[in-house]
Structures are given as structure tokens and as C-alpha cells.
Amino acid sequence: MDYIEVFLQTILAFAAILIYTRILGKQQIGQLTFFEYINGITFGSIAAVLATDISPKSTGLHFLGLTLFAFLTWAAGYIALVSRPARKLISGEPTVVVHNGKILEGNMKKMRYNFDELAMQLRQKNVFDIADVEYAILEPDGDLSVLLKSQKRPLTPADLQLPTQYEGIPTELVMDGEVLFQNLKQNNLDEKWLIQQLQSQGVQDLSQVDYAVLRSDGSLYINLKQDNLVNPVDITDAPENPIKKTDNN
Numbered sequence: 267m268d269y270i271e272v273f274l275q276t277i278l279a280f281a282a283i284l285i286y287t288r289i290l291g292k293q294q295i296g297q298l299t300f301f302e303y304i305n306g307i308t309f310g311s312i313a314a315v316l317a318t319d320i321s322p323k324s325t326g327l328h329f330l331g332l333t334l335f336a337f338l339t340w341a342a343g344y345i346a347l348v349s350r351p352a353r354k355l356i357s358g359e360p361t362v363v364v365h366n367g368k369i370l371e372g373n374m375k376k377m378r379y380n381f382d383e384l385a386m387q388l389r390q391k392n393v394f395d396i397a398d399v400e401y402a403i404l405e406p407d408g409d410l411s412v413l414l415k416s417q418k419r420p421l422t423p424a425d426l427q428l429p430t431q432y433e434g435i436p437t438e439l440v441m442d443g444e445v446l447f448q449n450l451k452q453n454n455l456d457e458k459w460l461i462q463q464l465q466s467q468g469v470q471d472l473s474q475v476d477y478a479v480l481r482s483d484g485s486l487y488i489n490l491k492q493d494n495l496v497n498p499v500d501i502t503d504a505p506e507n508p509i510k511k512t513d514n515n
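Residue numbering for the sequence shown follows the working numbering, beginning at 267 and increasing consecutively.
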């Protein structure tokens with residue numbers, strides 16, 4: 267009986283997390299603020315208790331707690347969305363830690379942010395000389411935004427006054443072997459056109475295609491399920507030494 271109860275409660279907890287997280291929105295782990303990170307851990311902990319606690323009459327109470335916590339999370343997010351003071355209180359605000367190549371120790375101390383962390387995050391931005399930095403701003407999610415001094419920034423076509431063409435973004439037409447008809451329709455294309463393009467690249471059967479993307483220039487990138495690579499590169503292990511050792515060494 268206990269196994270059945272845990273089974274059913276786990277399904278309930280899983281469904282609740284799926285629904286509530288869809289309602290609350292999505293955000294990448296690396297973009298979470300400290301509040302959101304702790305909030306997510308607490309949310310998961312309540313769901314774990316809901317799934318495994320088999321005490322009498324506990325399921326309803328834990329589900330109520332999970333629902334209430336989800337509502338409070340949604341409410342905090344909504345208040346932060348419509349009120350900048352509340353957003354600053356809940357999520358924090360960016361802090362300047364480098365100004366014109368000078369480290370602002372006072373701001374770093376307020377954020378409990380040390381020199382090792384600053385140097386590490388600068389290196390992650392390919393910055394090894396702090397004198398090259400115009401501004402470095404510690405974001406609420408812990409990431410470091412870096413603006414290099416103008417003479418240290420990479421050249422762009424705009425700097426050289428070179429004209430460029432609009433690129434857009436590629437459109438996926440086949441994913442996991444399935445044709446995305448909606449994407450074809452959005453580009454005023456059909457399955458007949460797709461098959462013709464595949465045949466022009468030597469692919470006779472649509473079932474051979476694992477992934478296909480329409481590039482912004484109108485060409486089609488195709489990845490087959492069977493790549494038939496000759497001597498594929500394997501970096502998971504060092505190749506065997508072709509020179510055999512002998513006893514005459």
C-alpha cells in the first residue's frame with residue numbers, strides 16, 4: 267500500500283511541478299538571480315516531500331503548501347514586473363565593479379565579491395589585462411558584463427565602413443526525421459520543394475534525413491541519420507602508438 271501511495275504522490279508532484287513551472291515561466295539556470303535560485307531549491311524540496319511523505323492526511327497539506335509557494339512565486343514575479351522598486355528588492359540591481367580600469371573595492375565589498383572572482387570572470391570574457399576594461403558590471407544573476415576600452419575592442423564591419431547583407435536566422439524544416447510543415451508554410455514552401463532539394467543533394471528518401479535547416483541565403487543544410495564518415499575523429503581517447511617497443515632498446 268505504501269508503494270502505491272508513493273507512486274501516486276510522485277505522479278501528483280511531477281504533474282504539479284510541470285504545470286506550475288510552465289505558469290511561472292522559464293529561465294536558464296545561468297540567468298537565475300540568487301532569490302530565484304533559492305526559490306527553485308525550496309520549490310523542489312516541497313515537491314520531494316509531497317512525493318515521499320506517506321503520513322496520514324499529509325498529501326493534501328503538502329500539495330497545498332506547494333500550490334501556495336507557487337502562487338507566492340508568481341505574485342513576486344508579477345510585482346517585480348510592474349514595480350521597479352520591488353524588482354530591485356527581489357532581484358537586486360547591477361553593480362559597477364570596474365570603472366575606467368580602476369577596481370571599485372567599496373562596491374565589491376558590498377556585494378561580497380572578491381578579486382579572484384573578478385579575475386576569473388574577466389578571463390571568461392577573454393580579458394586578461396584589467397587596464398583594458400572601461401566598465402565591468404556585476405549583474406543580479408552573478409554574471410559579469412564587460413565593456414572594453416574603444417581601442418581594445420575587436421574591429422567590426424561598421425568600423426571599417428564595409429556593407430553587409432542581412433542574414434536572418436535559419437529555419438528548421440526537418441527535426442528528428444519529422445517534417446515541420448508549419449515552418450515550410452511560413453516560408454511559402456511545401457513538401458514537394460523539400461524533396462526536390464533533397465534529391466538535388468543526392469538524398470532520395472526523406473526517411474534518411476535526421477535534421478534539415480533552411481539557411482537565410484535559401485540553401486538547405488542536411489544531416490543524415492547515417493553519416494558514413496571515413497576515418498572519423500575520436501578525441502575521447504589517445505590513439506595507440508603505432509611504434510611497438512622492442513627488447514633491443
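Note that CB positions come from ideal geometry on N, CA and C, so glycine has one too.
Selection from the options that minimises the alpha carbon distance to residue i
i: Ile403; options: Thr361, Leu486, Ile270 and Ser473; result: Thr361
i: Lys491; options: Leu472, Phe394 and Asn453; result: Leu472
i: Met374; options: Asp382, Gly367 and Val363; result: Val363
i: Gln417; options: Leu410, Leu428, Asp398 and Tyr432; result: Asp398
i: Phe309; options: Ala279, Lys323, Gln390 and Ser324; result: Ala279
i: Ile312; options: Thr333, Ile289 and Glu302; result: Thr333
i: Asn449; options: Trp459, Glu438 and Lys458; result: Glu438
i: Phe519; options: Ala317, Ile356, Val499 and Thr287; result: Any question about residue 519 goes unanswered here, given that the chain covers just 267 to 515.
i: Phe381; options: Asn392, Ile396 and Lys391; result: Ile396
i: Arg481; options: Val475, Asn494, Asn453 and Gln465; result: Asn453
i: Gly443; options: Gln431, Val499, Lys415 and Ile488; result: Ile488
i: Met441; options: Gln474, Leu455 and Pro420; result: Gln474
i: Tyr269; options: Ile285, Gly468, Ser324 and Asp319; result: Asp319
i: Val412; options: Ile307, Arg389 and Leu290; result: Arg389
i: Leu370; options: Gly358, Thr430, Glu400 and Val348; result: Glu400
i: Gly326; options: Ala346, Ile304, Gln275 and Ile356; result: Gln275
i: Ser324; options: Glu271, Gly434, Asp493 and Ile461; result: Glu271
i: Gly484; options: Tyr477, Asp476 and Leu460; result: Leu460
Supposed close pair residue i, residue j - CB separation, criterion 8 Å
i: Pro423; j: Val479; result: Not confirmed; about 24 Å, so no contact.
i: Ala282; j: Phe337; result: About 12 Å; that fails the 8 Å criterion.
i: Leu410; j: Gln387; result: 4 Å
Extent of the continuous beta strand (DSSP E) run through residue i
i: Val315; result: Note, Val315: premise wrong, no beta strand (DSSP E); alpha helix (DSSP H) at Phe300 to Thr318.
i: Val234; result: Because the chain in this structure spans residues 267 to 515, residue 234 falls outside the shown range and cannot be described.
i: Tyr480; result: As written in the sequence, residue 480 is Leu, which differs from the Tyr given in the question. Note, Leu480: beta strand (DSSP E), Val475 to Leu480.
i: Leu330; result: Where Leu330 is concerned, there is no enclosing beta strand (DSSP E), although the alpha helix (DSSP H) it sits in stretches over Ser324 to Val348.
i: Leu486; result: Leu486 to Leu490
DSSP state of residue i mapped onto helix, strand, coil
i: Ile283; result: helix
i: Val469; result: coil
i: Lys376; result: helix
i: Glu400; result: strand
i: Val364; result: strand
i: Tyr269; result: helix
i: Asp493; result: coil
i: Ile277; result: helix
CB contact check: residue i to chain D, cutoff 8 Å
i: Val363; result: Looking at the structure shown, chain D is missing, and only one protein chain is on hand.
Practice task
Return the chain-ordered ranges of every alpha helix (DSSP H) run that is complete within the stretch 407-459 and spans a minimum of 4 residues.
Solution key: Annotation note: the stretch 407-459 contains the following uninterrupted alpha helix (DSSP H) runs of length 4 or greater, listed N- to C-terminal: 447-452.
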